[in-house]
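Chemist:
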Amino acid sequence: MNVLLIGSGGREHALALALANSPLLDRLFVAPGNPGTARVGQNVALDAGDFAQVIAFCRAEAIGLVVIGPEQPLVDGLVDALEAAGLKAFGPSKAAARLEGSKGFTKDLCAKYHIPTGAYERFVDREKALAYVREKGAPIVVKADGLAAGKGVVVAMTLEQAEQAVDALFSGAFGAAGAEAVIEEWLDGEEASFFALCDGEKAIAFASAQDHKRVGDGDHGPNTGGMGAFSPAPIVTPEMSARVMREIVEPTVAAMKAEGCPFKGVLFAGLMIGKDGPRLIEYNTRFGDPECQVMMVRLADDLLGLLLACAEGRLPEQVRLSPKTALTVVLAARGYPGTPLKGGRIEAIDAAEKIPGVSVIHAGTKLEGGQLVANGGRVLNVVALADSVAEAQALAYRGVDAIRFPDGFCRRDIGWRATGR
Ligand code: AMP
Ligand code: GLY
42 MNVLLIGSGG REHALALALA NSPLLDRLFV APGNPGTARV GQNVALDAGD FAQVIAFCRA
102 EAIGLVVIGP EQPLVDGLVD ALEAAGLKAF GPSKAAARLE GSKGFTKDLC AKYHIPTGAY
162 ERFVDREKAL AYVREKGAPI VVKADGLAAG KGVVVAMTLE QAEQAVDALF SGAFGAAGAE
222 AVIEEWLDGE EASFFALCDG EKAIAFASAQ DHKRVGDGDH GPNTGGMGAF SPAPIVTPEM
282 SARVMREIVE PTVAAMKAEG CPFKGVLFAG LMIGKDGPRL IEYNTRFGDP ECQVMMVRLA
342 DDLLGLLLAC AEGRLPEQVR LSPKTALTVV LAARGYPGTP LKGGRIEAID AAEKIPGVSV
402 IHAGTKLEGG QLVANGGRVL NVVALADSVA EAQALAYRGV DAIRFPDGFC RRDIGWRATG
462 R
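Below is the structure:
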């Protein structure tokens, strides 16, 4: 079967590698891809926002499945357009992608179907939002309703920070995403990412992971798209996984079906696990980046077979994963998560890849006259697979230290929560 994979980040390079292992795969196209995916499949210059162009390409190349990596094409309705054209896609419809595209939608769904999450209110009026944060006090969490590339959330530890966040949001700091605010109870506990595959009717647990969202060591500094991750997350024991499926994921899949927008694809639950058990922070409707990179190296089943099963409504009973731990460190360009420095030279990736158990995934890279250079915020992921978090961590940093990228930086403490347990 021929597959078209949409996206250009580290997540898509990791998905491309896993898809390429499938006995079902004939040809793999990646749009637009990056220099890493170019080594696995064929990069094609398609604009995922131009549905007619994507559909024409799928027909011309006899694409059997379109796999959509990032959220924007899902929220824009690419899956609906493909299905209307008689093509198969992995990912939710536009209506189902509201679980990620609108925090207000998700919070209302949780309230209606008793899915555990923090108390909240929605606001379109600055004065009412300010009055609410003054009434509730800090800590409190202020969020833009729509997609804001992971930057639309302020966890305010003081009332002053909360007021500033409300002001910033209603003065257009997040563009259209900030036209509405969701103000939410601050949840205490340990965060974990939980992934489940869904076929519209049922869901199966895929894997757990932990991300490192802050830019600096010790979880300091501004939020990013994720500076590193490991899988599995020790806090998500088999008992906790069963509880998350029963209390959060399965009720959501049933709720989406009842609401007339069945969820197909991968449901990514951001959880806060506290003393009362797991509560939902947010949903994403795609694989996480960099969580995907660590889950894919653990996957023992055929990814293409699983994604097809989701699209066709015939999920198997379970997914097989290696019991080992995978850990990834993100190398980012200086300046990230602000304006990243472009063009920094990258050398000696092959030295890292020679270390047994280490692989290097491309994200924001570009080839310029044969020289690999940085072309985005998050540039590379060094991934290691080992018997424990501590071993995977040591191995990943050996890989990091083998690479020369003087205009880049990384966190030096990925995995600290697990190694410190
Ligand atoms: P989100 O974009 O909703 O995942 O939020 C970004 C980050 O803000 C999360 O990963 C959490 O670390 C934090 N956060 C979001 N909502 C809450 C909450 N209600 N309580 C505590 N922390 C939160
Ligand atoms: N790493 C978090 C995300 O993909 O949203």
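Heads up: the sequence shown runs through residues 42 to 462, numbered per the working numbering.
Where a beta carbon is used, it is the ideal one built from N, C-alpha and C, also for glycine.
The ligand GLY and D252: does any heavy atom of the ligand fall closer than 7 Å to the residue's C-beta?
Modeler: Yes, Cβ of D252 sits closer than 7 Å to a heavy atom of the ligand GLY.
Chemist: Taking E124 as the reference, which of I104, Q251, E112, G142 has the closest Cα?
Modeler: Of the listed residues, the one whose Cα sits closest to E124 is I104.
Chemist: Hey, how far is the Cα of A170 from the Cα of S49?
Modeler: A170 and S49: Cα-Cα distance of roughly 37 Å.
Chemist: So what's C302 in DSSP terms, helix, strand or just coil?
Modeler: Of the three classes helix, strand and coil, the one that applies to C302 here is coil, per DSSP.
Chemist: Got a sec, what are the start and stop residues for the beta strand (DSSP E) H261 sits in?
Modeler: Residues 261-264.
Chemist: Work out the CA separation of N422 and V401 for me, nearest whole Å.
Modeler: If you take the alpha carbons of V401 and N422, they lie about 6 Å apart.
Chemist: Rounded to whole angstroms, what's the CA-CA distance from H403 to V420? Just pull it up for me.
Modeler: Each residue's alpha carbon lies about 6 Å from the other.
Chemist: Check the C-beta distance from G142 over to Q334 and give it rounded, since I have them as a contact under 8 Å.
Modeler: Incorrect: roughly 24 Å between the Cβ atoms, too far for contact.
Chemist: Rounded to whole angstroms, what is the Cα-Cα separation between G318 and V294?
Modeler: Looking at the two C-alpha atoms, the distance is approximately 20 Å.
Chemist: Does S363 pass the burial test, meaning 16 or more other C-beta atoms within 10 Å, or should it be called exposed?
Modeler: S363 should be labelled exposed.
Chemist: Between which residues of its own chain and E226 is the CB-CB distance below 6 Å, once the five residues before and five after are set aside?
Modeler: Taken in chain order, the residues that qualify are G159, A160.
Chemist: So D240 is in the beta strand (DSSP E); what residue range does that whole segment cover?
Modeler: Looking at the DSSP string, the run of the beta strand (DSSP E) that includes D240 is 231-240.
Chemist: Compare the Cα-Cα distances from L382 to each of A283, A415, R327 and report the closest residue.
Modeler: If we check each option's Cα against that of L382, A415 comes out closest.
Chemist: Of the residues F446, V370, L348, which one's Cα is nearest the Cα of R452?
Modeler: The candidate whose alpha carbon is nearest that of R452 is V370.
Chemist: If you scan the stretch 94-180 from start to end, which runs of the alpha helix (DSSP H) of 4 or more residues do you find wholly inside it?
Modeler: Runs of the alpha helix (DSSP H) inside the stretch 94-180: 112-117, 119-125, 139-142, 144-154, 167-177.
Chemist: Quick check: what's the CA-CA separation for G385 versus V194?
Modeler: Between G385 and V194, the C-alpha separation is close to 30 Å.
Chemist: Can we count P331 as close to the ligand GLY, meaning its CB is less than 7 Å from some heavy atom?
Modeler: P331 Cβ: within cutoff of the ligand GLY.
Chemist: On the DSSP bridge list, what partners appear for T369?
Modeler: A270, V424, per the DSSP bridge assignment.
Chemist: Taking 8 Å as the cut-off, decide whether the C-beta atoms of V290 and A367 are in contact.
Modeler: Cβ atoms of V290 and A367: not closer than 8 Å.
Chemist: From L312 to R80, what distance separates their C-alpha atoms?
Modeler: L312 and R80: Cα-Cα distance of roughly 35 Å.
Chemist: With DSSP run on the structure shown, which of helix, strand or coil describes L362?
Modeler: Note: L362 maps to strand in three-state DSSP.
Chemist: Just checking, does the stretch 239-253 make contact with the stretch 196-216 on the three C-beta pairs under 8 Å criterion?
Modeler: No, they do not touch.
Chemist: For D442, name the three-state secondary structure that DSSP assigns.
Modeler: Looking at D442 - three-state DSSP - the assignment turns out to be helix.
Chemist: Taking DSSP's pairing of strands, which residues face D252 in a bridge?
Modeler: BP columns for D252 point to A270.
Chemist: How long is the line joining the alpha carbons of V71 and N84, rounded to whole angstroms?
Modeler: Cα-Cα distance, rounded: 5 Å.
Chemist: Tell me whether the stretch 90-104 and the stretch 115-123 touch, counting them as touching only if at least three CB pairs, one residue from each stretch, are closer than 8 Å.
Modeler: Verdict: yes, contact present.
Chemist: For A203, which three-state DSSP category applies?
Modeler: Helix.
Chemist: Going straight from the alpha carbon of K395 to that of A389, what length do you get?
Modeler: Between K395 and A389, the C-alpha separation is close to 10 Å.
Chemist: Among A222, V95, G241, which residue has its Cα nearest to the Cα of C302?
Modeler: Out of A222, V95, G241, G241 has the C-alpha closest to the C-alpha of C302.
Chemist: So the beta strand (DSSP E) L45 belongs to, where does it begin and stop?
Modeler: Its beta strand (DSSP E) spans residues 43-48.
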